[in-house]
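Novice: Numbering (the working numbering), first residue to last: 11 to 285. Just so you know, even glycine gets a beta-carbon here, dropped at the ideal spot from N, CA and C. Sharing a structure here in structure tokens format.
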Amino acid sequence: MMKNSDLVLGYDYDKYLGYGAIEPISTDISTKTNSHIILCGMSGSGKSYATNLLFAKIASREGVVFFSDFKQDDQFAYLRGCPRYYPYNKSIEALEIVYDTLHKRQSGEDKSRSPVTLIWDEYMANILAIQGTEKKRADDIMRKVSEILMLGRSLAVRLIISCQRPDASAFPSGSRLNYGIILIVGAPIRSIYEMLIPKEYIDEIGDRAFKRGEGVALLQGSDMRYIKIPMVKDEAKMQRVCIDALTREESPVEGGGEATSPQTVGLVLPDRAQT
Ligand SMILES: Nc1ncnc2c1ncn2[C@@H]1O[C@H](COP(=O)(O)OP(=O)(O)OP(=O)(O)O)[C@@H](O)[C@H]1O
Ligand SMILES: [Mg+2]
Numbered sequence: 011m012m013k014n015s016d017l018v019l020g021y022d023y024d025k026y027l028g029y030g031a032i033e034p035i036s037t038d039i040s041t042k043t044n045s046h047i048i049l050c051g052m053s054g055s056g057k058s059y060a061t062n063l064l065f066a067k068i069a070s071r072e073g074v075v076f077f078s079d080f081k082q083d084d085q086f087a088y089l090r091g092c093p094r095y096y097p098y099n100k101s102i103e104a105l106e107i108v109y110d111t112l113h114k115r116q117s118g119e120d121k122s123r124s125p126v127t128l129i130w131d132e133y134m135a136n137i138l139a140i141q142g143t144e145k146k147r148a149d150d151i152m153r154k155v156s157e158i159l160m161l162g163r164s165l166a167v168r169l170i171i172s173c174q175r176p177d178a179s180a181f182p183s184g185s186r187l188n189y190g191i192i193l194i195v196g197a198p199i200r201s202i203y204e205m206l207i208p209k210e211y212i213d214e215i216g217d218r219a220f221k222r223g224e225g226v227a228l229l230q231g232s233d234m235r236y237i238k239i240p241m242v243k244d245e246a247k248m249q250r251v252c253i254d255a256l257t258r259e260e261s262p263v264e265g266g267g268e269a270t271s272p273q274t275v276g277l278v279l280p281d282r283a284q285t
């Protein structure tokens, strides 16, 4: 049974490829569970595509979203001009605002628990670029990211980060393991698995070969699933939902909306299992 706070991440890979069944893989994204998301995989594996999709699904039902797009990827070109879209060297401004919200909530100055999400595409590349010129600033940024990862859940402040390889150096104090939702898409690169997945699960993956938009989901550190990220059916609709999320002042529905709000219906291939 899906709850209102469940987010569909994609479809069960084996059922989808094996016999065309569409069984959603979903996970609770309420403040009861850790819903920080990390999305990894080599170039072209489908990270930004999946980011767009998760963005739309989250945005259509809750809270305010900030988007840092270090690379200024073509896939996010439609967001240019939105007030909370932070390209290239503006990406850290979004972090500062979200970090400030975290602290205002922690100190009691901000009593709201309406979800705030920072989506950050190409996080590692962004950190490496800053490290190259301003080491101290990069350290400060990473410390803030770690703090959000460690304190954000109960304060409804969430991070969605995508990068090719999540080197530990960019996640101080072991905060790399603070993601409730780990998605690794595309060709299986053992070194990436080893950064995020316990050894026994890696052994279980064995020599499975994933293509772009397919891969492994590790939920809450203990539930490993093979996942297929669906194709977007109505790109214009997806884009409208995302633009709205980077523009509007308030959450569409305080405290989260329906699991299948009218805005998400029809966005991707149907979420319900088909027989
Ligand atoms: N789940 C998917 N279904 C269908 N096509 C996909 C899917 N994921 C990715 N693609 C296609 O593959 C292309 C590359 O994907 P994407 O840009 O998301 O990769 P990436 O991992 O972000 O790469 P990079 O690291 O270079 O930014 C996309 O333009 C899209 O056309
Ligand atoms: Mg990308």
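Do E7 and M234 have their C-beta atoms within less than 8 Å of each other?
Specialist: This structure gives no information on residue 7, because the portion of the chain shown stretches from 11 to 285.
Novice: Look at the alpha carbon of S232 and the alpha carbon of Y211, and state the distance between them as a whole number of angstroms.
Specialist: Going by the C-alpha atoms only, they are around 9 Å apart.
Novice: Specify the secondary structure class of E72 as computed by DSSP and reduced to three states.
Specialist: Coil at E72, not helix or strand.
Novice: Can you tell me which of P97, M241, L89 and V75 puts its alpha carbon nearest to the alpha carbon of Q82?
Specialist: Nearest of P97, M241, L89 and V75 to Q82, Cα basis: P97.
Novice: What separation, rounded to the nearest whole angstrom, lies between the Cα atoms of S185 and I192?
Specialist: Roughly 13 Å separates the two Cα atoms.
Novice: Thinking C-alpha only, which one of M248, L128 and S156 is nearest F77?
Specialist: For F77, the nearest C-alpha among the options comes from L128.
Novice: Name the one or two DSSP bridge partners that P4 has.
Specialist: An answer regarding residue 4 cannot be provided, because it is not within the stretch 11 to 285 covered by the chain.
Novice: Would you mind stating whether L49 and A60 have Cβ atoms separated by less than 8 Å?
Specialist: Yes; because the gap between Cβ atoms is below 8 Å, this pair is in contact.
Novice: Let me make sure I understand the geometry here. Which of A31, Y95, S45 and N99 has the alpha-carbon closest to that of T143?
Specialist: Per the Cα distances, N99.
Novice: Assign R94 to one of two classes, buried (16 or more other C-beta atoms within 10 Å of its C-beta) or exposed (fewer than that).
Specialist: Result: buried.
Novice: What does the shell around ligand 2 hold, if a residue joins when its beta-carbon is under 7 Å from any heavy atom?
Specialist: Qualifying residues, in the order they occur: K57, S58, K81, D83, Q85, D131, E132 and S172.
Novice: Could you give the C-beta distance for F181 and G196, rounded to a whole number, given that I count them as a contact under 8 Å?
Specialist: About 21 Å separates the two Cβ atoms, so there is no contact after all.
Novice: Curious, which full-length alpha helix (DSSP H) runs of at least 4 residues does the segment 213-268 contain?
Specialist: Segments of the alpha helix (DSSP H) lying fully in the segment 213-268: 245-255.
Novice: Taking just the CA atoms, how far does I137 sit from E103?
Specialist: Approximately 14 Å between the Cα atoms of the pair.
Novice: Since C50 sits in a beta bridge, which residues does DSSP pair it with?
Specialist: In the DSSP output, where bridge partners are listed per residue, C50 has C173 and I194.
Novice: Can you tell which of V155, E224 and V167 has its C-alpha closest to the C-alpha of L187?
Specialist: Among V155, E224 and V167, the Cα nearest to that of L187 is on V155.
Novice: Could you tell me the distance, in whole angstroms, from the CA atom of I140 to the CA atom of V74?
Specialist: Cα-Cα distance, rounded: 27 Å.
Novice: For S201, is the beta carbon positioned less than 7 Å from some heavy atom of ligand 1?
Specialist: No, since every heavy atom of ligand 1 falls outside the 7 Å radius drawn around the Cβ of S201.
Novice: Just mark S172 as buried or exposed, buried being the case when its beta carbon has 16 or more other beta carbons within 10 Å.
Specialist: Result: buried.
Novice: Return the first residue and the last residue of the beta strand (DSSP E) that S36 is part of.
Specialist: From DSSP, the beta strand (DSSP E) with S36 extends over P34 to D38.
Novice: Just checking M134 against ligand 1 - is the residue's beta carbon closer than 7 Å to any of the ligand's heavy atoms?
Specialist: No, the Cβ of M134 stays beyond 7 Å of every heavy atom of ligand 1.
Novice: For T257, tell me which candidate among L89, R153 and R147 has the shortest Cα-Cα distance.
Specialist: Residue L89 is the option with its Cα nearest to T257.
Novice: Give me the residue from K247, A255, K238 and G162 with the minimum Cα distance to V18.
Specialist: Here the closest residue by C-alpha is K238.
Novice: Give the secondary structure of S78 by DSSP, where H, G and I count as helix, E and B as strand, and everything else as coil.
Specialist: Three-state result, S78: strand.
Novice: Cβ-heavy atom distance between G54 and ligand 1 below 7 Å?
Specialist: Yes - ligand 1 has a heavy atom lying nearer than 7 Å to the Cβ of G54.
Novice: For A166, count neighbouring C-beta atoms within 10 Å of its own C-beta (all shown protein chains included) and say buried if the count is 16 or more, exposed if not.
Specialist: Under this definition A166 is a buried residue.
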